[in-house]
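Here the structure is laid out as structure tokens; the discussion comes afterwards.
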Amino acid sequence: MPKLIKLTGDTAQWADDVFTHVGDDDALPEGDVILSLARFQAEGEILLSNSRRVGVRVEADQEVEALAYDLPRLSVVALAFPKYRDGRAYTSARLLRERLGFTGEVRAVGDVLQEQAGFMVRCGFDAFEPADGATPEVWTKAAHRYRHVYQRAADNRQVAFEERAS
Amino acid sequence: MKAITANRLIDGEVVFWKAGAWVEGFGDAQLFGEGQDAEVEAVVANGKAQPTVVVDVYPIDLAPVDGGLAPISYRERIRALGPTNEPTHGKQAVGGEVIEALRHAAGAARSTGRVDLIRRK
Amino acid sequence: MYLYDPIDREFLTDRSNEFRHQVARRLAGELTEDQFKPLRLMNGLYLQLHAYMLRIAIPYGSLNARQARRLAWIARTYDKGYGHFTTRQNIQFNWIKLKDAPDILDALAEVDLHAIQTSGNCIRNVTADPYAGATAEEIDDPRVWSEVLRQWSTLHPEFSFLPRKFKIAITGALTDRAAVKVHDIGLILRKGRDGQIGFEVIVGGGQGRTPYVGPTIRSYLPAEHLLSYVEAILRVYNRHGRRDNIYKARIKILVAALGAEEFARQVEEEWGKIDAARANLPASELARVRAAFAQTRFETLPAVSEAFEAARAASPVLQRFVRNNVKPHKQSGYAIVEVSLKAIGQTPGDATAEQLEVVADLAERYSLDDLRVTHAQNLVLPHVKLDDLPTVHAALEAAGLATANIDLASDIIACPGLDYCALANARAIPIAQDIARKFADPDRAEKVGELKIKISGCINACGHHHVAHIGILGVDKKGEEFYQLSLGGSGAEDASIGRILGPGLSADKVAPAIDALVDAYLNIRAGDERFLDTYRRVGLEPFKEAVYAQAD
Chain W
435 MPKLIKLTGD TAQWADDVFT HVGDDDALPE GDVILSLARF QAEGEILLSN
485 SRRVGVRVEA DQEVEALAYD LPRLSVVALA FPKYRDGRAY TSARLLRERL
535 GFTGEVRAVG DVLQEQAGFM VRCGFDAFEP ADGATPEVWT KAAHRYRHVY
585 QRAADNRQVA FEERAS
Chain G
499 MKAITANRLI DGEVVFWKAG AWVEGFGDAQ LFGEGQDAEV EAVVANGKAQ
549 PTVVVDVYPI DLAPVDGGLA PISYRERIRA LGPTNEPTHG KQAVGGEVIE
599 ALRHAAGAAR STGRVDLIRR K
Chain H
32 MYLYDPIDRE FLTDRSNEFR HQVARRLAGE LTEDQFKPLR LMNGLYLQLH
82 AYMLRIAIPY GSLNARQARR LAWIARTYDK GYGHFTTRQN IQFNWIKLKD
132 APDILDALAE VDLHAIQTSG NCIRNVTADP YAGATAEEID DPRVWSEVLR
182 QWSTLHPEFS FLPRKFKIAI TGALTDRAAV KVHDIGLILR KGRDGQIGFE
232 VIVGGGQGRT PYVGPTIRSY LPAEHLLSYV EAILRVYNRH GRRDNIYKAR
282 IKILVAALGA EEFARQVEEE WGKIDAARAN LPASELARVR AAFAQTRFET
332 LPAVSEAFEA ARAASPVLQR FVRNNVKPHK QSGYAIVEVS LKAIGQTPGD
382 ATAEQLEVVA DLAERYSLDD LRVTHAQNLV LPHVKLDDLP TVHAALEAAG
432 LATANIDLAS DIIACPGLDY CALANARAIP IAQDIARKFA DPDRAEKVGE
482 LKIKISGCIN ACGHHHVAHI GILGVDKKGE EFYQLSLGGS GAEDASIGRI
532 LGPGLSADKV APAIDALVDA YLNIRAGDER FLDTYRRVGL EPFKEAVYAQ
582 AD
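Residue numbers (my numbering), protein chains in the order written: chain W, 435 to 600; chain G, 499 to 619; chain H, 32 to 583.
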């Protein structure tokens, strides 16, 4: 079974990845699946009513708001980084968490590197398919490098000015 | 005539390929003549395979000038010499024949100095 | 000035530890250059022609003596004894080694300096009026808001991988010494109808390949909404800025493509969805930041200083210095003193370690430990008592820092150009030196009056040539260095983009062309119009003729 890094609280660990990424032209396997936005919009309803768990993969140029009404029934939203320096998924993650109230798994897929772990965690990602051989230990460390943060984000960490006031 | 140049990773110093090593002086650079394109490509590939030693490896065109050889490109002459506003800074500070030849070279074919610029794009 | 507290200091420590770790991974081959490059850029480290260049942040151009001394020490210890001030109020060192960079960041952190986000596709140094807190013109101190934005934008997790770099500038005075109209976001402090403080918000100004004077997308934003509104702007840009072509990736392209109205609509729509209470700065924190800039150490002095008047009467040199380099201060008995880094024949914007130490001492003794950097690559001692002005002038003169040429023809902005920069097509420094020598005679320079000449060695326009009275752009014409002149640009409140004068000139023809332009101006000018005003009155033709209609 393939593995991914899952963040639970402050710690990252290996977890079994029970979801299969299914391409638009692939036959649907048994079990939990992650579909493209287009395929989900076409077939998602049927799959969900079969009581299997469904996730959606959102590309960098797709708007995550398109899933607004479906989110309560989705287990995973996978946000793609076509290249690590394409920062659109950070916005998508924050919107999923802070505006759309998504409480399922927000997974980083694509060109996912440990040097960006801290930013990802702050934006609300809690699962990662690393492209650079990173381990959960490395991920935990990278995500907690900074003792203080200066702005609010999806992680609800106490901001510097709140620390000062307390 | 060509030489192969790069920047050293650890300190950014401009360096030139010489028989398996990277040297700092343009005058010490290994020269590649007509018909040695395959060797040039091999060296560049070799350089790219040393990412912890050098970055940005590429060949440069040279032409004869009074007193020696100089890169055709103005930019490469500055890389081989140092900044023109401060003659005591950079490689030019050591002086000597090679430096003088570089200093007096004039004209250029292409200011970026990259021989394979068009093919790269 | 804003003094770092333990939280700010721990942040710098964590940052420099992170970078040390990243450098180690790069040297060990665990990171490719492609993966490492944005990481080192976000710590201000460029690979240039001869070595690495480190760009150190000077937030809104503000330094104290201890920091200036540390910069001098870094110049001596890790570089070749000098530094270069930039058009974004930062300082650059040209001869840095990658292996020393982590130690340098540690040394900077000890005096509350850093190189965070001085490059990369993130929010860069927020620049501001260098006369902030000293000028009577300001509605509010732009440093307060610059510091607020600086903290908010530091390692912002959502906005650290934007389509391209992002530059913000703020002015508190209507006289714009921060070039706000050619920034990605320009903020002008304004008084609202209710007497409260707010901002005029300009988005999509910029230079480079496609220069724009930015449109105002909101004429008045109540100040307490600054962070939520800027967040809305950044989010629209992060989502919709182009990522397919680096030459079309700035926000100015998005604003131009959508049109200012539609862009503003999208920002307002996004802003409407943001939880303002969560996004804006609490009043208590704003008060804390504001208190850092409250100036309580002014003395009560008469408007006229007899000692100063006597010294001035006795010294034509001091008179000239005061005429050009000294500006009125809001507090009676004080003055704002510009320190020119444009000595004739020197590299514009450079200061030696010794000069930095002189200026540090002067700032500490005579300027309430306050030193500024301007976007014209000069320095400012913002709070000098008139009583002390003769002493300060003498010390500057002894250090080669008293050239009385602020805003005159020899006060040239020049980027490092092909002498240092890997992006350049042509050299800028020797051109600046040639032109400065033409105006070495201070009488001639003063006769010509205000003339802002700015030189960029490539289209990236770091020398701000688009907004120069006479702009000079270095181009590569068949491998030779050629220079394209433009006229009539301005980076001030009367912002305009310069118009190209004619075909490019070879290097040796540039300074004579400037001479010809100035002679033409002196012949045509009405009254005491500036060069810029004459150009705006008569247009390009007379100047074009002066340069190109020559028998040769």
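Using N, Cα and C, we set each Cβ at its ideal position, and we do this for glycine too.
Among residues of its own chain, excluding the 5 on either side of Leu-563 of chain H, which ones have a beta-carbon nearer than 7 Å to its beta-carbon? Translated into positions along the third sequence, residue 563 of chain H becomes position 532. Excluding positions up to five away in sequence, the list reads His-500, Gly-519 and Ser-521.
Where do the N-terminal and C-terminal ends of the alpha helix (DSSP H) with Glu-395 of chain H fall, by residue? By 1-based counting over the third sequence, the position of residue 395 of chain H is 364. Here the alpha helix (DSSP H) through Glu-395 of chain H covers 384-397.
For Val-286 of chain H, report the span of its alpha helix (DSSP H) as first-last. Numbered from 1 along the third sequence, position 255 holds the residue referred to as residue 286 of chain H. Its alpha helix (DSSP H) spans residues 282-289.
Please report whether the beta-carbon of Thr-182 of chain H lies at a distance below 7 Å from any beta-carbon of chain W. Along the third sequence, read from residue 1 onward, the residue named residue 182 of chain H stands at position 151. For clarity, residue 182 of chain H is Gln in the given sequence; the question names Thr instead. So yes, Gln-182 of chain H belongs to the interface.
Expressed to the nearest angstrom, what Euclidean distance is found between the alpha-carbon atoms of Leu-615 of chain G and Lys-508 of chain H? To locate residue 615 of chain G, count along the second sequence from 1; it is residue 117. To locate residue 508 of chain H, count along the third sequence from 1; it is residue 477. Any answer about Leu-615 of chain G is weak, because its pLDDT of 34 lies below 50 and its placement is not dependable; what the coordinates show is given next. So the two alpha carbons sit approximately 16 Å from each other.
If you measure from the beta carbon of Leu-80 of chain H to each beta carbon in chain G, is any gap under 7 Å? Taking the first residue of the third sequence as 1, we reach residue 80 of chain H at position 49. Yes, contact with chain G.
Taking 7 Å as the threshold (beta carbon to beta carbon), is Lys-283 of chain H in contact with chain G? Numbered from its first residue, the third sequence carries residue 283 of chain H at position 252. No, its Cβ sits nowhere closer than 7 Å to a Cβ of chain G.
Quick check on Ile-228 of chain H: does DSSP put it in helix, strand or coil? By 1-based counting over the third sequence, the position of residue 228 of chain H is 197. Three-state result, Ile-228 of chain H: strand.
At a Cβ threshold of 7 Å, is Thr-537 of chain W touching chain H? Your numbering for residue 537 of chain W matches position 103 in the first sequence. Closer than 7 Å: no.
Excluding the five sequence neighbours on either side, which residues of its own chain have a C-beta within less than 8 Å of the C-beta of Gly-533 of chain G, listed in chain order? Reading the second sequence from its first residue, position 35 is the one you call residue 533 of chain G. Closer than 8 Å at Cβ, skipping near neighbours: no residue.
Cβ distance (whole Å) where Phe-42 of chain H is taken to contact Tyr-580 of chain W below 8 Å: As a working mapping, residue 42 of chain H is identified with position 11 in the third sequence. As a working mapping, residue 580 of chain W is identified with position 146 in the first sequence. Phe-42 of chain H to Tyr-580 of chain W, Cβ: 7 Å. Contact.
Which residues DSSP lists as bridging Trp-573 of chain W, in chain order: Walking along the first sequence from the start, residue 573 of chain W turns up at place 139. None; Trp-573 of chain W has no bridge partner.
Please list, in chain order, the chain W residues whose beta carbon lies closer than 9 Å to that of Arg-309 of chain H. Along the third sequence, one-based indexing puts residue 309 of chain H at 278. Here the neighbours are Glu-532 and Arg-586.
Within this structure, are the beta carbons of Asp-442 of chain H and Lys-358 of chain H separated by less than 7 Å? Sequence index remark: in the third sequence, residue 442 of chain H carries index 411 (1-based). Sequence index remark: in the third sequence, residue 358 of chain H carries index 327 (1-based). Cβ atoms of Asp-442 of chain H and Lys-358 of chain H: not closer than 7 Å.
Under 7 Å Cβ to Cβ from Gly-588 of chain G, same chain only, skipping five residues before and after it: list those, please. Here residue 588 of chain G refers to the residue found at position 90 when the second sequence is read from its first residue. Counting only Cβ-Cβ distances below 7 Å, and skipping sequence neighbours, we find Leu-579, Gly-580 and Pro-581.
Indicate whether the contact test is met: 3 or more Cβ pairs, each with one atom in the stretch 450-462 of chain H and one in the stretch 480-493 of chain H, closer than 8 Å. yes
Who pairs with Met-554 of chain W in a beta bridge, going by DSSP? Working through the first sequence from its first residue, we reach residue 554 of chain W at position 120. Per DSSP, none; premise fails for Met-554 of chain W.
Element boundaries [alpha helix (DSSP H), containing Thr-525 of chain W]: By 1-based counting over the first sequence, the position of residue 525 of chain W is 91. 522-528 is the extent of the alpha helix (DSSP H) around Thr-525 of chain W.
Output, in chain order, the set of chain H residues within a Cβ distance shorter than 8 Å of Leu-547 of chain W. Working through the first sequence from its first residue, we reach residue 547 of chain W at position 113. Within 8 Å Cβ-Cβ: Gln-66.
Does the beta-carbon distance from Ala-280 of chain H to Arg-195 of chain H come in below 7 Å? Numbered from 1 along the third sequence, position 249 holds the residue referred to as residue 280 of chain H. Numbered from 1 along the third sequence, position 164 holds the residue referred to as residue 195 of chain H. Yes.
Minimum C-alpha distance to Arg-86 of chain H - residue among H:Ser-150, H:Glu-61 and H:Thr-565: Position 55 of the third sequence holds residue 86 of chain H. Taking only the C-alpha atoms, the option nearest Arg-86 of chain H is H:Ser-150.
Can you name the residues of chain G whose CB is closer than 8 Å to the CB of Leu-417 of chain H? Counted from its first residue, the third sequence places residue 417 of chain H at position 386. Going along chain G, no residue has its Cβ under 8 Å from Leu-417 of chain H, so there is no contact; the nearest lies around 37 Å.
Please report whether the beta-carbon of Leu-615 of chain G lies at a distance below 7 Å from any beta-carbon of chain H. By 1-based counting over the second sequence, the position of residue 615 of chain G is 117. Residue placement at Leu-615 of chain G is flagged as unreliable, the pLDDT there being 34, under the threshold of 50; a coordinate-derived value is accordingly withheld.
For the stretch 46-77 of chain H, enumerate the residues whose C-beta is nearer than 8 Å to any C-beta of chain G, in chain order. Arg-57, Leu-58, Ala-59, Gly-60, Thr-63 and Glu-64
Between the Cα of Leu-553 of chain H and those of H:Phe-50, H:Val-541, H:Val-569 and H:Asp-539, spot the shortest distance and give me the residue it belongs to. Numbered from 1 along the third sequence, position 522 holds the residue referred to as residue 553 of chain H. Taking only the C-alpha atoms, the option nearest Leu-553 of chain H is H:Val-569.
Any beta-carbon of chain H closer than 7 Å to the one on Thr-525 of chain W? Your numbering for residue 525 of chain W matches position 91 in the first sequence. Yes, its Cβ sits closer than 7 Å to a Cβ of chain H.
Please state whether DSSP places Ile-501 of chain H in a helix, a strand or coil. Counted from its first residue, the third sequence places residue 501 of chain H at position 470. It is a strand residue.
Taking CB distances under 7 Å as the criterion, tell me whether Gly-525 of chain G reaches chain H. Mapped onto the second sequence, residue 525 of chain G falls at position 27. Answer no: the Cβ-Cβ gap between Gly-525 of chain G and chain H never drops below 7 Å.
N-terminal and C-terminal residue of the beta strand (DSSP E) that Arg-321 of chain H is part of: Taking the third sequence and counting its residues from 1, the one referred to as residue 321 of chain H is at position 290. Run containing Arg-321 of chain H: none in the beta strand (DSSP E); it sits in the alpha helix (DSSP H), 314-324.
I'd like to know whether the C-beta of His-406 of chain H is nearer than 7 Å to at least one C-beta of chain W. Working through the third sequence from its first residue, we reach residue 406 of chain H at position 375. Answer no: the Cβ-Cβ gap between His-406 of chain H and chain W never drops below 7 Å.
Considering only their Cβ atoms, is the gap separating Glu-395 of chain H from Ala-96 of chain H smaller than 7 Å? Residue mapping note: residue 96 of chain H aligns to position 65 of the third sequence, counting from 1. Residue mapping note: residue 395 of chain H aligns to position 364 of the third sequence, counting from 1. Cβ atoms of Ala-96 of chain H and Glu-395 of chain H: closer than 7 Å.
Would you mind stating whether Gly-112 of chain H and Thr-383 of chain H have Cβ atoms separated by less than 7 Å? Residue numbering aside, residue 112 of chain H sits at position 81 when the third sequence is read from its first letter. Residue numbering aside, residue 383 of chain H sits at position 352 when the third sequence is read from its first letter. Their beta carbons are under 7 Å apart, which means Gly-112 of chain H touches Thr-383 of chain H by this criterion.
Selected residue, minimal CA-CA separation from Asn-121 of chain H, among H:Asp-110, H:Val-142, H:Gly-75 and H:Arg-249: Sequence index remark: in the third sequence, residue 121 of chain H carries index 90 (1-based). Closest by alpha carbon: H:Gly-75.
Could you spell out where the beta strand (DSSP E) holding Val-551 of chain G opens and where it closes? On the second sequence, residue 551 of chain G is found 53 positions in, with the first residue counted as 1. It is not in any beta strand (DSSP E) - Val-551 of chain G carries neither H nor E in the DSSP assignment.
Let me know the alpha helix (DSSP H) ranges lying completely inside the stretch 100-172 of chain H, each 4 residues or longer, listed in chain order. 132-140
Apart from the five residues on each side of it in sequence, which residues of its chain come closer than 7 Å, Cβ to Cβ, to Arg-224 of chain H? Position 193 of the third sequence, counted from the first residue, corresponds to residue 224 of chain H. Answer for Arg-224 of chain H: no residue qualifies.
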